[in-house]
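Protein chains: 2
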Amino acid sequence: MEGNKELVGVKEIARRANVSIGTVDRVLHNRTGVSKKTKDKILAIIEELAYQPNILARRLASKKQIVFAVIIPSVSDETDYWQEPLMGIEQAAGEIAPYGIILKKYFYDLNHKTSFVQQIDQIDLSDIHAVLIAPIFIEESENFLIKLDKRKIPYVFINSDIQGHNSLSYFGPELYQSGYLSAHLMKYVIKEDDTILIVNISHEIDDHHHLLRKEQGFRSYFKENDLKNTILKIDIVQTDYQFVAASLQTVFKENNVSAIFVTNSRVSAVAKYLNQTHARKMLIGFDYTKENLQFLKQGSIDFLICQKPREQGYKGIMALYQFVVHAKTGEKNNFMPIDIITAQNCDFYIN
Amino acid sequence: MEGNKELVGVKEIARRANVSIGTVDRVLHNRTGVSKKTKDKILAIIEELAYQPNILARRLASKKQIVFAVIIPSVSDETDYWQEPLMGIEQAAGEIAPYGIILKKYFYDLNHKTSFVQQIDQIDLSDIHAVLIAPIFIEESENFLIKLDKRKIPYVFINSDIQGHNSLSYFGPELYQSGYLSAHLMKYVIKEDDTILIVNISHEIDDHHHLLRKEQGFRSYFKENDLKNTILKIDIVQTDYQFVAASLQTVFKENNVSAIFVTNSRVSAVAKYLNQTHARKMLIGFDYTKENLQFLKQGSIDFLICQKPREQGYKGIMALYQFVVHAKTGEKNNFMPIDIITAQNCDFYIN
DNA sequence: TGTTAATTCGTGTACGTTAACGTATATATG
DNA sequence: CATATATACGTTAACGTACACGAATTAACA
């Protein structure tokens, strides 16, 4: 049926073009040293034959390693969220290692822009073939992206997206919708006149736009469905438990809150507080972290929204691999599924 | 830091063993023609050096193709469920095609055991290197597995598992827990004295034990949480809409049901009926099929439970690939996440 | 002891590509 | 016009493994 398999190689191309394989190789890698005329001829033949280089032979013959740079936040003691993307990255690394690809990892501190810049500056771009980056700090990232563009180094975003750049693709959440979904889940439980509390717990510096977007989605749901509930909001700008507890206490003293939406993974702090004060409220938050999981199982957290952090890392690396090695491009925007985690399905959840 | 990369090849082994690479090659493939003494010596060196064959070179040098047989149900007009695993399988196939792996697919009819046997008999095992199978029909599958074992052909299960065999791994749902989770979701909505209906819609032949297991999980939740709701159950043994509608009508005439749990993907039939009779009840069912999705978005279905059919196919093939090509084995039991799909997150769901 | 047959092993070519090296031919420089 | 210098191309040895072929050694038997 298929008949002519992929038996066309440089040899066949060379034969047809009346040149040597060396010349063919030169135009394949568009190196210098071949006249325009023969180059065009060869390119035409390549086109016609739909030549697909044999990557096995290619990687075998080229002793060079391919290097991917990975730039992500370090796993902090505050949250082990970035553990998961890292695991995905490392799994992917293991799978493509046999094909001569190695990773160089650069970890920065989520709470310090300078550490990001520092890591970026450390990278010697001359021996990097592709970049996976979590561009949390937008401006600083953009400066870096310009450098990448100049050198034509392909890059993929994970976790957060920056529009208007030549990124190969983005793997991460669609924040608005995750807030919207959270509101929907909440609606199943609350009554008409219940008061709802939105809690932002984060230093001013980090992913503030992230949180805002989720909040927008959350509020939109209530608006679109004509729900009249009172929605309170509190910004807690210090992340230590004492501060969080004190802040919550203030709110609860003055309001009768029956459901809480925490816009990030620090929901465990709220759960802890509710637990200690023996208050039972519906609680929705984000991310499958160790602490959160504990409170989920124990019943203090009703739902965790999670967006496959591991898969973000895994797929990000694989997208680079497919592009660099196989010249294949996939979808540009890859929004992760918005997973709903409960005590009943959490054991089967693969981040 | 690492220093000694994987620069050990047959040549180095040969040098250390004072033999030629040909001899090393013979023991690597344990072919005949090498004395026990030298064989042992070479094996020892291989062990010591932790020799990892270069698969690039290996596959380049060996012109042979590797063939995987895939045995799954065909996409029926009744349900397009099996579309998804197939897509996953084909995606995986695309990714590993460059490495000389090709797939032979055998589709059988879910409603006819004979078609399964027929497909099985058609397979010429002598040129199959590995098998991916959805072993819906247990006995018939087991006969086949014995043949595979005899020829030492590795196999992976998807969608349903058969215990007590040498399968490399299983990728599929954990049914009990998905029923359990469904009950939990239902609990958010129902009141203490609400009546609940469990609906099984299936021919007697197919996945009956599947449905039963889910039902068990569902009921267990109510028992474990001391919920006193009345749980009705109906078995609908014909899958056409007319029959389903008639069956439901009978139940509803005599009972005031406020929530329904449908144990498989045919939940859309129930949704359609509710829709037509303008009855609004909480409805939970399974699988991200086209029809279900429609009713989910439109509001008739509250939750769909879904277990990544596409990923089952994808990962199944990849597991075979990792084993056959890289001699790597992963987890034996891989239960898919139990995903909760609502109208709010369905657009982001990747089967 | 010579002959044959088995057993054990080495050699060489191939797989499709890369890239260093070498060799012509054309162009520029004095 | 001789010499230097690009420019365009061919040749060839790798990369690590598979496997056919044949050579050497050993065992078997007359």
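For the protein sequence lines, the chains are F and B, in the order given.
As numbered in the numbering used here, residues 297 to 647 make up the first sequence, in order.
As numbered in the numbering used here, residues 297 to 647 make up the second sequence, in order.
From the three backbone atoms N, C-alpha and C, an ideal C-beta is built for every residue, glycine too.
Tell me, which residues are paired with MET632 (chain F) by DSSP?
-> The sequence position of residue 632 (chain F) within the first sequence is 336, counting from 1. Looking at the DSSP assignment, MET632 (chain F) forms no beta bridge with any residue, so it has no partner.
Any idea which residues DSSP pairs ASP420 (chain F) with across the strands?
-> Numbered from its first residue, the first sequence carries residue 420 (chain F) at position 124. ASP420 (chain F) is not bridged to any residue.
Which residues does DSSP pair with MET578 (chain B) in a beta bridge?
-> Taking the second sequence and counting its residues from 1, one reaches residue 578 (chain B) at position 282. DSSP, once it has assigned bridges, lists B:ALA555 as partnering MET578 (chain B).
For LEU464 (chain B), which of helix, strand or coil comes out of DSSP?
-> Residue mapping note: residue 464 (chain B) aligns to position 168 of the second sequence, counting from 1. Three-state result, LEU464 (chain B): coil.
Hey, does ASN455 (chain B) have any beta-carbon neighbour from chain F nearer than 8 angstroms?
-> By 1-based counting over the second sequence, the position of residue 455 (chain B) is 159. Interface flag for ASN455 (chain B) against chain F is unset, since no Cβ pair is found closer than 8 angstroms.
Secondary structure of VAL413 (chain F), DSSP reduced to three states = Mapped onto the first sequence, residue 413 (chain F) falls at position 117. VAL413 (chain F): helix per DSSP, three-state reduction.
Partner residues on chain F for PHE631 (chain B), Cβ-Cβ distance less than 8 angstroms | To locate residue 631 (chain B), count along the second sequence from 1; it is residue 335. By Cβ distance, chain F contributes PHE644.
Leaving out five residues before and five after SER564 (chain F) in sequence, what residues of the same chain have Cβ atoms less than 8 angstroms from its Cβ?
-> Within the first sequence, residue 564 (chain F) is the residue found at index 268, counting from 1. Within its own chain, the residues whose Cβ lies closer than 8 angstroms to the Cβ of SER564 (chain F), once the five positions on either side in sequence are excluded, are GLY581, THR585, GLU587, ASN588, GLN590, PHE591 and ILE597, listed in chain order.
Would the beta-carbon of ILE397 (chain B) fall within 8 angstroms of that of LEU421 (chain B)?
-> The residue labelled residue 397 (chain B) in the question sits at position 101 within the second sequence. The residue labelled residue 421 (chain B) in the question sits at position 125 within the second sequence. Between ILE397 (chain B) and LEU421 (chain B), the C-beta spacing is not below 8 angstroms.
By the criterion of Cβ-Cβ separation under 7 angstroms, what are the contact partners of TYR476 (chain B) in chain F?
-> Position 180 of the second sequence, counting from 1, holds the residue named residue 476 (chain B). Those are GLN640, listed as they occur along chain F.
Given VAL427 (chain B) as reference, the closest of B:MET632, B:PHE433, B:GLY612 and B:ASP643 once Cα atoms are compared | If you number the second sequence from 1, residue 427 (chain B) lands on position 131. Ranking B:MET632, B:PHE433, B:GLY612 and B:ASP643 by CA distance to the CA of VAL427 (chain B) puts B:GLY612 first.
Simplified DSSP state of ASP531 (chain F), which is helix, strand or coil = Here residue 531 (chain F) is taken as the residue at index 235 of the first sequence, counted from 1. Residue state, collapsed to three classes: strand.
With a cut-off of 8 angstroms, does the C-beta of ASP635 (chain F) fall near any C-beta of chain B?
-> As a first step, residue 635 (chain F) is located in the first sequence; it is residue number 339 there, counting from the start. For ASP635 (chain F), the answer is yes, since a Cβ of chain B falls inside 8 angstroms of its Cβ.
Could you spell out the range, first to last residue, of the beta strand (DSSP E) harbouring THR244 (chain B)?
-> Since the first and last residues shown for chain B are 297 and 647, residue 244 (chain B) lies out of range.
Alpha carbon to alpha carbon, how far is ILE494 (chain F) from HIS505 (chain F)? Give it in angstroms, no decimals.
-> Within the first sequence, the letter at position 209 stands for residue 505 (chain F). Within the first sequence, the letter at position 198 stands for residue 494 (chain F). The straight-line gap from Cα to Cα measures roughly 15 angstroms.
Please decide whether VAL485 (chain F) counts as near chain B, where near means a Cβ-Cβ distance under 8 angstroms.
-> Along the first sequence, one-based indexing puts residue 485 (chain F) at 189. Judged by the 8 angstroms Cβ criterion, VAL485 (chain F) is in contact with chain B.
Roughly how many angstroms separate the alpha carbons of GLN512 (chain F) and VAL620 (chain B), rounded to a whole number?
-> Here the question's residue 512 (chain F) lines up with position 216 in the first sequence. Here the question's residue 620 (chain B) lines up with position 324 in the second sequence. Rounded to the nearest angstrom, the two C-alpha atoms are 49 angstroms apart.
Alpha helix (DSSP H) segments (min. 4 residues) lying fully within the segment 361-395 of chain F = Positions of the alpha helix (DSSP H) runs, each at least 4 residues long and wholly inside the segment 361-395 of chain F, are given as 379-392 in order along the chain.
Secondary structure at PHE333 (chain F), three-state DSSP: helix, strand or coil?
-> Here residue 333 (chain F) refers to the residue found at position 37 of the first sequence. Looking at the sequence itself, residue 333 (chain F) is Lys, so the reference to Phe does not match. In this structure, LYS333 (chain F) counts as helix in the three-state DSSP scheme.
Quick one, are the C-beta atoms of ILE419 (chain F) and ALA365 (chain F) less than 8 angstroms apart?
-> Start at 1 with the first residue of the first sequence, and residue 419 (chain F) comes out as number 123. Start at 1 with the first residue of the first sequence, and residue 365 (chain F) comes out as number 69. For the pair ILE419 (chain F) and ALA365 (chain F), the CB atoms are nearer than the 8 angstroms cut-off.
The segment 338-365 of chain B: which residues have C-beta closer than 7 angstroms to a C-beta of chain F, in chain order?
-> Going along the segment 338-365 of chain B in chain order, one finds ILE351, LEU352, ALA353, ARG355 and LEU356 with a Cβ nearer than 7 angstroms to chain F.
Reference VAL452 (chain B); option with closest CA among B:ILE556, B:ILE368, B:LYS604 and B:ILE601 | Your numbering for residue 452 (chain B) matches position 156 in the second sequence. The candidate whose alpha carbon is nearest that of VAL452 (chain B) is B:ILE368.
Taking 8 angstroms as the CB-CB limit, is GLN473 (chain F) close to chain B?
-> For the purposes of this step, residue 473 (chain F) is taken as the residue at position 177 of the first sequence. When Cβ-Cβ separations below 8 angstroms define contact, GLN473 (chain F) makes contact with chain B.
So which residues of chain B does PRO369 (chain F) contact, with C-beta pairs closer than 9 angstroms?
-> Reading the first sequence from its first residue, position 73 is the one you call residue 369 (chain F). Within 9 angstroms Cβ-Cβ: nothing; PRO369 (chain F) doesn't reach chain B, min ~24 angstroms.
Rounded to a whole number of angstroms, what is the C-alpha to C-alpha distance between ILE557 (chain F) and LEU544 (chain F)?
-> Start at 1 with the first residue of the first sequence, and residue 557 (chain F) comes out as number 261. Start at 1 with the first residue of the first sequence, and residue 544 (chain F) comes out as number 248. The question names Ile, yet the displayed sequence has Phe at residue 557 (chain F). Inter-residue distance for PHE557 (chain F) and LEU544 (chain F) is about 13 angstroms (C-alpha atoms, whole angstroms).
Beta-ladder partner(s) of PHE650 (chain B), from DSSP = Lying outside 297 to 647, the shown extent of chain B, residue 650 (chain B) is not represented and no answer is given.
For the beta strand (DSSP E) that contains VAL540 (chain F), what are its first and last residues?
-> Indexing the first sequence from 1 puts residue 540 (chain F) at position 244. Counting along the chain, VAL540 (chain F) falls outside any beta strand (DSSP E), though it belongs to the alpha helix (DSSP H) covering 537-550.
To the nearest angstrom, how far is it from the Cα of THR625 (chain F) to the Cα of MET614 (chain F)?
-> The count along the first sequence starts at 1 and reaches residue 625 (chain F) at position 329. The count along the first sequence starts at 1 and reaches residue 614 (chain F) at position 318. Counting only the Cα atoms, MET614 (chain F) lies some 11 angstroms from THR625 (chain F).
Is it right to say LYS510 (chain F) is buried, meaning 16 or more other beta carbons lie within 10 angstroms of its own, or is it exposed?
-> The count along the first sequence starts at 1 and reaches residue 510 (chain F) at position 214. Under the 10 Å beta carbon count, LYS510 (chain F) is surrounded by 16 or more other beta carbons and is classified as buried.
Would you please verify whether the beta carbon of PRO381 (chain B) is less than 8 angstroms from any beta carbon of chain F?
-> Counting from one through the second sequence, the residue named residue 381 (chain B) turns up at place 85. Using a CB distance cut-off of 8 angstroms, PRO381 (chain B) does not count as an interface residue toward chain F.
Start-end ranges of the beta strand (DSSP E) lying completely within the segment 578-622 of chain B, minimum 3 residues = Taking only runs of at least 3 residues, the beta strand (DSSP E) segments lying wholly in the segment 578-622 of chain B are 578-582 and 599-602.
Assign GLY652 (chain F) to one of two classes, buried (16 or more other C-beta atoms within 10 Å of its C-beta) or exposed (fewer than that).
-> Residue 652 (chain F) lies beyond the stretch modelled for chain F, which goes from 297 to 647, so this question has no answer here.
Confirm, please, whether the CB-CB distance from ASN641 (chain B) to PRO633 (chain F) is below 8 angstroms.
-> Residue mapping note: residue 633 (chain F) aligns to position 337 of the first sequence, counting from 1. Residue mapping note: residue 641 (chain B) aligns to position 345 of the second sequence, counting from 1. Cβ atoms of PRO633 (chain F) and ASN641 (chain B): closer than 8 angstroms.
If you drop the 5 nearest sequence neighbours on each side, which residues of the same chain put their C-beta closer than 8 angstroms to that of LEU481 (chain B)?
-> Counting from one through the second sequence, the residue named residue 481 (chain B) turns up at place 185. Only ILE580, ASP598, PHE599 and ILE636 meet the Cβ criterion.
Identity of the residues DSSP links to THR526 (chain B) by a beta bridge = As a first step, residue 526 (chain B) is located in the second sequence; it is residue number 230 there, counting from the start. Looking at the DSSP output, THR526 (chain B) bridges to B:THR491.
When the Cα atoms are used, what is the spatial distance from GLY473 (chain B) to PHE467 (chain F)?
-> Here residue 473 (chain B) refers to the residue found at position 177 of the second sequence. Here residue 467 (chain F) refers to the residue found at position 171 of the first sequence. Sequence check: residue 473 (chain B) is Gln here, not Gly. Approximately 29 angstroms between the Cα atoms of the pair.
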